[in-house]
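Number of protein chains: 2
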Amino acid sequence: MGAHETITQFDKMLENLDRWLAAGVTCAERKKVPPDLLVGSRLALDQYELVRQVQAACDQAKFAAAYLSGQKAPAHPDTEKTVAEMRARIATCRAYLKSIAAAQYAGAAERRVAPPWLNGQWMRGDRYLAQVAIPNFYFHVVTAYAILRHNGVELGKMDYVGGLPLGEG
Amino acid sequence: MGAHETITQFDKMLENLDRWLAAGVTCAERKKVPPDLLVGSRLALDQYELVRQVQAACDQAKFAAAYLSGQKAPAHPDTEKTVAEMRARIATCRAYLKSIAAAQYAGAAERRVAPPWLNGQWMRGDRYLAQVAIPNFYFHVVTAYAILRHNGVELGKMDYVGGLPLGEG
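Residue numbers (the working numbering), protein chains in the order written: chain S, 4 to 172; chain E, 4 to 172.
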């Protein structure tokens with residue numbers, strides 16, 4: 004499983020996340036409360052609220068794709084204030100992920116990745132993917148899911164993983 | 004990033020999970036409540052409680068390791084009722100993961116994986132890892148983390164990801 008396959012999986016999970024947000028809107032409408040109440044919902048006072056979880060999930064995917072394909076990541080400012088804007092942010096991120104061809108990830112495993120927060124230090128691309136990008140991407144996606152479930156949005160395991168490629172050689 | 008690297012990362016996350024549970028005990032003791040109150044804690048009525056999240060995280064790692072190395076997974080019955088027993092379950096799972104050598108994962112990407120819940124259908128090993136094992140493993144690990152954070156256990160992002168291999172060629 005290389006960088007391109009991982010980014011493709013991130014894209015699939017962002018598509019799932021978008022559907023959970025749509026389910027959140029449906030749930031809020033049924034309960035006759037404004038759907039955008041969900042935007043600021045959180046599980047602990049000192050943990051990011053839903054909108055920040057969505058922004059961070061998008062950024063983990065975006066930066067992994069950029070670093071591992073040797074590009075400068077596009078700026079996606081954190082300005083979202085509604086569920087509709089969160090869904091648009093996901094669409095923007097997914098369009099960027101899809102803009103990178105599989106061949107652009109050639110040599111990704113050995114690439115030196117030096118994000119600003121490492122203050123000049125670096126990690127090998129494969130280790131960055133396994134130990135930074137994947138755990139952090141899923142951290143934010145699953146926490147977003149947990150916030151929605153905690154608010155009573157009806158989601159289940161199949162909504163989480165999405166469809167599976169069965170019996171494909 | 005192959006099967007062995009992924010299982011090694013699962014092992015690292017299970018080590019982190021074990022530390023979060025230890026932090027949960029410390030937190031409960033400071034608040035003068037029984038630490039085992041955490042065992043049944045959950046974020047939604049129809050979502051697994053902490054003990055089931057820990058068991059499921061262990062099982063995702065165990066089954067991925069077994070399927071991708073062509074072994075029958077050992078039985079680890081879901082009998083835990085205390086934080087101490089949950090931590091012992093993690094230790095049992097980690098010992099199994101460590102018992103499998105990197106060479107035993109040869110050919111894992113092309114292996115046909117047919118877990119019982121696929122009812123006779125199968126998935127390629129690399130797709131099973133990317134689309135089933137990794138998302139589901141992180142689902143349970145992050146939900147366990149969220150349950151602890153929701154209960155006021157003091158954990159932060161560094162506790163989540165653990166140490167990183169910087170500047171290693």
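Quick reminder that beta carbons are idealized off the backbone N, C-alpha and C, glycines included.
Asked	Found
Return helix, strand or coil for S/Arg152, following the three-state DSSP convention.	helix
Beta carbon of E/Cys61, beta carbon of E/Arg92: below 7 Å?	yes
So, with DSSP's three-state summary, where would you put E/Val164?	helix
Where does E/Val116 sit, in a helix, a strand or coil, going by DSSP?	strand
If you drop the 5 nearest sequence neighbours on each side, which residues of the same chain put their C-beta closer than 8 Å to that of E/Leu40?	Ala31
Tell me the DSSP bridge mates of E/Arg127?	E/Arg115
So, does the CB of E/Gln107 fall closer than 7 Å to a CB anywhere in chain S?	no
Over the uninterrupted alpha helix (DSSP H) stretch that includes E/Gln58, give me the two end residues.	53-71
Can you list the residues of chain S that E/Glu8 reaches, using a CB-CB cut of under 8 Å?	Asp129, Ala133
Could one say the Cβ of S/Leu41 lies closer than 7 Å to chain E's Cβ atoms, at least one of them?	no
Quick check on the burial criterion: 16 or more other C-beta atoms within 10 angstroms. Buried or exposed for E/Pro37?	exposed
Excluding the five sequence neighbours on either side, which residues of its own chain have a C-beta within less than 6 Å of the C-beta of E/Ala67, listed in chain order?	Ala136
Among the residues of its own chain, which have a CB less than 7 Å from the CB of E/Ser2, if the five just before and after it don't count?	Only positions 4 to 172 of chain E appear in the structure, and residue 2 of chain E is not among them; the question remains open.
Taking the straight line between their C-alpha atoms, what separation do you get for E/Arg114 and S/Leu48?	45 Å
S/Ala31 by DSSP, collapsed to three states: which one?	helix
Run through chain S and tell me which residues come within less than 8 Å of E/Trp125, C-beta to C-beta.	Leu169, Gly170
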